[in-house]
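Novice:
Chains as they are written, first to last, in the working numbering: chain W, 40 to 417; chain P, 6 to 288.
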């Protein structure tokens, strides 16, 4: 399809991004403020020969997505906090069975039912640590309607490349804001597909990794037989309670992501080159931060922004480098301070200031400007 | 000359991961019999085994999928039906069979069972009902009879809850094929599993089985042989009986047979038509 231009909301851009990435299965359950993704998929999926399936709950939704992925289809779900909480066990299953899938969380106020129609960034640590055990996922944090599209495409590519669940973690404001969206011609999009086995079926070991630590993935009906289980398993996929099997598997599931942090992580540096104060933000607060920084510069204050487009795996090295360039770091998050602790752990002796705001209204530009002034005079 | 493999290999071994044997089940357990029923049904139907997907959840019966030598998946507890729906919708050419236990299918996974019945998606669910959670050591579950003893419904009181009748549950939720047999009625049960697989719609087959290690011991029902003899004795074959009359009283009468075999529009076929309509209107 040739290039298209829309004026639309982030949720719709996300759905279009998924379709452009080749997603042909959406399993979901209505929830504010992610419902528009489901509604758009309900219109668009049948048009492209895909399936919009509405399940009885979020647990069935994500489990069906895992099933669809093993049937060889790119698959996703979209939800918000309460739904993500219900999906947590299945996310662990997807990690353990190395199932490519995309989970969109349009973050709303929590805990519990919280403020369904108001945005927040309270699920940042949940995305990383919500399921039990030691594991890695990837989480992308779009900050505009265009990025909802671009990052959803990227989420599918990363999921396919690393065989891992990938979160698109957008706050409600980004999900519901309306901006211009350019959907590129499909031939201009880079699309990644999972590796398939190349050995004959009788030689296939379903969880034997290649050099990149990622095993080629067979799918149902392909003639390759395999057993995939949430139990700790060896290269054959067979369950094992042995220490060495657990050690090898868990190490590999973590390392296949951590070894590639530099390739996975994307960020935007905004007016940082001569900055004394660096704001670190993602999603909606990063938009306020840009406005504040422009004003600060006008007033002669040297401030800049490191906008994280990927928060998991966490870009420790980039934070270390930043800490050596600036005098102060301010972490502005629409929560009680979650990534703040990760930044502090990576920033050495550079002071890291928390700018927390766990409510629906994000940090306003004047609030960030005020914080910059406060920090500079210290 | 006759080689060892000509004479000694079981005719259904080609379907099994024989390198995983011996399997985990206790002596006297019905799960091996049910696994054999499923394998034989596939053999009798002559379907392409490469296109068969076997899914199970957690528990003793939840381990069944891992012994089949095709595309198999061991989901989280209670979710094999939801997983199977995703597989079937993504690739309707696959023959998707769920084999799992009563706790997995009717307690933690009960919501998925009733909604898959309602949706009428073409998958087959074989549910082995042994009246308790066997793998965790024998606790009461959604099919445990009133006042039966288990590790969590101990003497002198027993279970203060009442069980689901899975045939009634599946039938009233909209399944298009519903049958119940005991683990000793192997030929009849295998035939029903064949029909269930061939059916274009949601099929539910309950196999009432024995867990001598946990349920049998707690309730002094005897060893595996004695429990299976009992099942044969109390099985009451009533093919075609209205499903709401398919009673299950362990001591006296287990109504067996095929109770539902109806035709309704199947989910993936309806979806295919919806896709064609959406495509023609989008043009």
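Glycine is no exception: its CB is placed at the ideal position from the N, C-alpha and C atoms. Just so it is clear, the structure is predicted and the values come from calculations on it, not from any experiment.
Give the C-beta separation of residue 404 of chain W and residue 331 of chain W to the nearest angstrom, bearing in mind that I take them to be a contact with Cβ-Cβ under 8 Å.
Specialist: Indeed they touch by this definition, with Cβ atoms about 4 Å apart.
Novice: To be precise: take each residue of the segment 62–80 of chain W, compare its Cβ to all Cβ atoms of chain A, and keep it if any distance is under 7 Å. Which residues remain?
Specialist: Absent from the structure is chain A; the protein chains it does hold are W and P.
Novice: Output, in chain order, the set of chain W residues within a Cβ distance shorter than 7 Å of residue 75 of chain P.
Specialist: Here the neighbours are 264.
Novice: Going straight from the alpha carbon of residue 145 of chain W to that of residue 187 of chain W, what length do you get?
Specialist: Roughly 11 Å between the two C-alpha positions.
Novice: So, does the segment 65–84 of chain P touch the segment 108–118 of chain P, judging by three or more C-beta pairs under 8 Å?
Specialist: Short answer: they touch.
Novice: Taking the continuous beta strand (DSSP E) assigned at residue 186 of chain P, which residues delimit it?
Specialist: It spans 182–187 - the beta strand (DSSP E) in which residue 186 of chain P sits, taken as one unbroken run.
Novice: So, with DSSP's three-state summary, where would you put residue 417 of chain W?
Specialist: Of the three classes helix, strand and coil, the one that applies to residue 417 of chain W here is coil, per DSSP.
Novice: Short of 6 Å in beta carbon distance, which residues of its chain neighbour residue 265 of chain W, apart from the five on each side in sequence? Order them along the chain.
Specialist: Correct list, in chain order: 245, 257, 276.
Novice: Could you tell me whether the Cβ atoms of residue 157 of chain W and residue 120 of chain W are closer together than 8 Å?
Specialist: Their beta carbons are not under 8 Å apart, which means residue 157 of chain W does not touch residue 120 of chain W by this criterion.
Novice: Express the C-alpha separation of residue 87 of chain P and residue 121 of chain P in angstroms, rounding to a whole number.
Specialist: When rounded, the distance between both Cα atoms is 8 Å.
Novice: Is it the case that the segment 81–90 of chain W contacts the segment 61–71 of chain W, given that we only count it when at least three CB pairs across the two stretches are under 8 Å?
Specialist: Judged by Cβ distances under 8 Å, the segment 61–71 of chain W makes contact with the segment 81–90 of chain W, as three or more pairs qualify.
Novice: If you measure beta-carbon to beta-carbon, which residues of the segment 101–135 of chain W are closer than 9 Å to chain P?
Specialist: Hits within the stretch, in order: 101, 102, 103, 104, 105, 106, 107, 108, 109, 110, 111, 112, 114, 128, 129, 131, 132.
Novice: Quick check on the DSSP output: what are the complete alpha helix (DSSP H) runs of length 4 or more inside the segment 105–191 of chain P, in order along the chain?
Specialist: Runs of the alpha helix (DSSP H) inside the segment 105–191 of chain P: 115–124, 171–178.
Novice: What separation, rounded to the nearest whole angstrom, lies between the Cα atoms of residue 124 of chain W and residue 141 of chain W?
Specialist: Going by the C-alpha atoms only, they are around 16 Å apart.
Novice: List the residues of chain W whose Cβ lies closer than 7 Å to the Cβ of residue 56 of chain P, in chain order.
Specialist: 260, listed in chain order.
Novice: Does the contact criterion of 3 or more C-beta pairs under 8 Å hold for the segment 178–190 of chain P versus the segment 250–267 of chain P?
Specialist: Enough Cβ pairs lie closer than 8 Å, so yes.
Novice: If residue 14 of chain P and residue 58 of chain P are in contact, beta carbons under 8 Å, what's the gap, nearest whole angstrom?
Specialist: Residue 14 of chain P to residue 58 of chain P, Cβ: 24 Å. No contact.
Novice: Would a C-beta distance cut-off of 8 Å place residue 220 of chain P and residue 136 of chain P closer than the cut-off?
Specialist: Taking 8 Å as the Cβ cut-off, residue 220 of chain P and residue 136 of chain P qualify as a contacting pair.
Novice: With a 10 Å radius around its C-beta and 16 neighbouring C-beta atoms as the bar for buried, classify residue 245 of chain P as buried or exposed.
Specialist: The residue is exposed, with fewer than 16 neighbouring Cβ atoms inside 10 Å.
Novice: Which residues, in chain order, does the segment 150–181 of chain P contribute to contact with chain W at a C-beta distance below 9 Å?
Specialist: Answer in chain order: no residues at all.
Novice: How far does the alpha helix (DSSP H) with residue 109 of chain W in it reach, from first residue to last?
Specialist: 97–109 is the extent of the alpha helix (DSSP H) around residue 109 of chain W.
Novice: Out of W/152, W/175, W/76, which one is the CA nearest neighbour of residue 115 of chain W?
Specialist: The shortest Cα separation from residue 115 of chain W among W/152, W/175, W/76 belongs to W/76.
Novice: Please report whether the beta-carbon of residue 48 of chain P lies at a distance below 8 Å from any beta-carbon of chain W.
Specialist: For residue 48 of chain P, the answer is no, since every Cβ of chain W falls outside 8 Å of its Cβ.
Novice: Report the residue ranges of all alpha helix (DSSP H) runs contained in full by the segment 125–190 of chain W; include only those spanning at least 4 residues, in chain order.
Specialist: Correct list: 163–168.
Novice: To be precise: take each residue of the segment 88–107 of chain P, compare its Cβ to all Cβ atoms of chain W, and keep it if any distance is under 7 Å. Which residues remain?
Specialist: Listed by position along the chain: 88, 89, 90, 91, 92, 94, 95, 96, 98, 99.
Novice: Flag this pair as yes or no: are the beta carbons of residue 34 of chain P and residue 229 of chain P separated by less than 8 Å?
Specialist: Contact flag set, yes.
Novice: Whose Cβ in chain W lies nearer than 7 Å to the Cβ of residue 78 of chain P?
Specialist: Near residue 78 of chain P (Cβ distances below 7 Å), the residues of chain W are 109, 267.
Novice: Would you tell me roughly how many angstroms separate the C-alpha atoms of residue 169 of chain W and residue 50 of chain P, rounded to the nearest one?
Specialist: Spanning the two alpha carbons is a distance of roughly 44 Å.
Novice: Using the beta-carbon count (16 or more within 10 Å), is residue 137 of chain W buried or exposed?
Specialist: Flag for residue 137 of chain W reads buried.
Novice: Give me the residue from W/68, W/50, W/81 with the minimum Cα distance to residue 279 of chain P.
Specialist: The shortest Cα separation from residue 279 of chain P among W/68, W/50, W/81 belongs to W/81.
Novice: Taking the alpha-carbon positions, what's the residue 174 of chain W to residue 276 of chain P distance?
Specialist: Those two C-alpha atoms are separated by around 36 Å.
Novice: How big is the Cα-Cα spacing for residue 164 of chain P and residue 225 of chain P?
Specialist: Distance between the alpha carbons of residue 164 of chain P and residue 225 of chain P is about 15 Å.
Novice: Specify, as a first and last residue, the run of the beta strand (DSSP E) that residue 369 of chain W falls within.
Specialist: 367–372 is the extent of the beta strand (DSSP E) around residue 369 of chain W.
Novice: On the DSSP bridge list, what partners appear for residue 54 of chain P?
Specialist: BP columns for residue 54 of chain P are empty, so no partner.
Novice: So for residue 45 of chain W, helix, strand or coil by DSSP?
Specialist: The answer is strand: DSSP assigns residue 45 of chain W an E or B state.
Novice: How close, in whole Å, do the beta carbons of residue 271 of chain P and residue 125 of chain P come, if the pair is a contact with beta carbons under 8 Å?
Specialist: Sure, about 6 Å apart at Cβ, within 8 Å.
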